[in-house]
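Visitor:
Residue numbers (the working numbering): 1 to 388.
#1: Would you mind stating whether residue 121 and residue 105 have Cβ atoms separated by less than 7 angstroms?
#2: For residue 202 and residue 191, I'd like the C-alpha separation in whole angstroms.
#3: Am I right that residue 306 and residue 314 are in contact with their C-beta atoms under 8 angstroms? What's the rounded C-beta distance?
#4: Whole angstroms is fine: what's the gap from residue 19's alpha carbon to residue 66's?
#5: Taking a contact to mean a Cβ-Cβ separation below 7 angstroms, would you say residue 143 touches residue 155 in this structure?
#6: With distances taken between CB atoms, is the gap from residue 323 to residue 360 smaller than 7 angstroms?
#7: By Cβ distance, which residues of its chain are closer than 8 angstroms to residue 169, with the 5 residues on each side in sequence left out?
#8: Going straight from the alpha carbon of residue 389 to that of residue 166, what length do you get?
#9: Compute the distance between the beta-carbons of residue 318 and residue 336, then report whether it is under 7 angstroms.
#10: Looking at residue 341 and residue 333, is the spacing between their C-beta atoms short of 7 angstroms?
#11: Measuring only the C-alpha atoms, how far is residue 54 from residue 43?
#12: Can you give the Cα-Cα distance for residue 7 and residue 48, rounded to whole angstroms?
#13: Please list, in chain order, all residues of the same chain as residue 73 whose beta carbon is under 8 angstroms from its beta carbon, the five residues on each side excluded.
#14: Let's test the definition: count the other Cβ atoms within 10 Å of the Cβ of residue 16 and tell me whether it reaches 16, buried, or not, exposed.
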């Protein structure tokens, strides 16, 4: 073996010995990927390399050896701490314990100890525990009080069984009032006081009161949850959030001032853009205006789903129905046929083109005069061709 190879192998052996001195065990292959390359090159396998280094390789243990090792760990823990271990203290062995024993309590029982009793709560037990704590201690329980010593369960058990996600909701489910939602004021009084406070701090600090995190003002947090902070700030006049309430108020104000406003006028009034309003409302602005009982100033016309031939037949039938032998006049098309003049002219170039298709007389009123042959040629041309 060459001198350089001997140095490489000696260096690899020294790394394994250093690991053993530090951790008290031989390393596994994935912990020494770089050394593993050397081991496979000069010794064939990782276990051959560990044996050559003077250590016993990690080989597959039998079930009896694994269980005996786990039992010894539990007994050593009991001698040291005078109690049985909790599952989280053996988290690195949890998968092995589950594989060979099924559960933690079965493993503890087979080790010769009595497992801790599991308290499986019901809704009645959970509710009674909170009420009994309130009677015994004369105070509303908090999350930090939820320990076995106080006769309470883990706070997550209350969340799970009551189908809530906050502690105030747990207390309200049981019938107890959370201390930070209690207030000596009525709801309208508290609401008025909060709005005044928001205005005051907006003037003093130039900020919304929520960012200052007030103390000794429990009514604020209750109202914030009930009405929404943006709505309270809007009522106080400190900011104009893009909500359905604020958009409706500004729209109604513009209607009183100048009739039906356009989208751009509404956006300018709220100091934002039409796109931002649509994004916040999560719906088209015309649909929102219709939902509050008003008619938008501009509406997208309904698309005509009739074919060219069906549209001509529809126009002729409506003309005869209403007594117009030479066709319905332009100003009454929308009212009598349901389609505006633009729909007909888009299909037939002009109203005379429509009359030609319906075998009606031409009407020349200030428009360019086309003969029948010219109109037929125009109607036969594709849409992309320019018409003189």
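For glycine and all other residues, C-beta sits at the position ideal for the given N, C-alpha and C.
Guide: Walking through what the data contain:
#1: No, the Cβ-Cβ distance between residue 121 and residue 105 is not below 7 angstroms.
#2: CA-CA distance, residue 202 to residue 191, rounds to 17 angstroms.
#3: Indeed, because the Cβ distance is near 6 angstroms, the residues count as touching under 8 angstroms.
#4: One Cα belongs to residue 19, the other to residue 66, and the distance between them is close to 23 angstroms.
#5: Contact flag set, yes.
#6: Their beta carbons are not under 7 angstroms apart, which means residue 323 does not touch residue 360 by this criterion.
#7: Same-chain partners within the cutoff: 162.
#8: Outside the displayed range of the chain (1 to 388) lies residue 389, so it cannot be described from this structure.
#9: In this structure, residue 336 lies closer than 7 angstroms to residue 318 by Cβ.
#10: In contact: residue 333 and residue 341 (Cβ atoms closer than 7 angstroms).
#11: About 14 angstroms.
#12: Between residue 7 and residue 48, the C-alpha separation is close to 18 angstroms.
#13: Result list for residue 73: 90, 93, in chain order.
#14: Residue environment: residue 16 is assigned as buried (16 or more neighbouring CB atoms within 10 Å of its CB, all protein chains considered).
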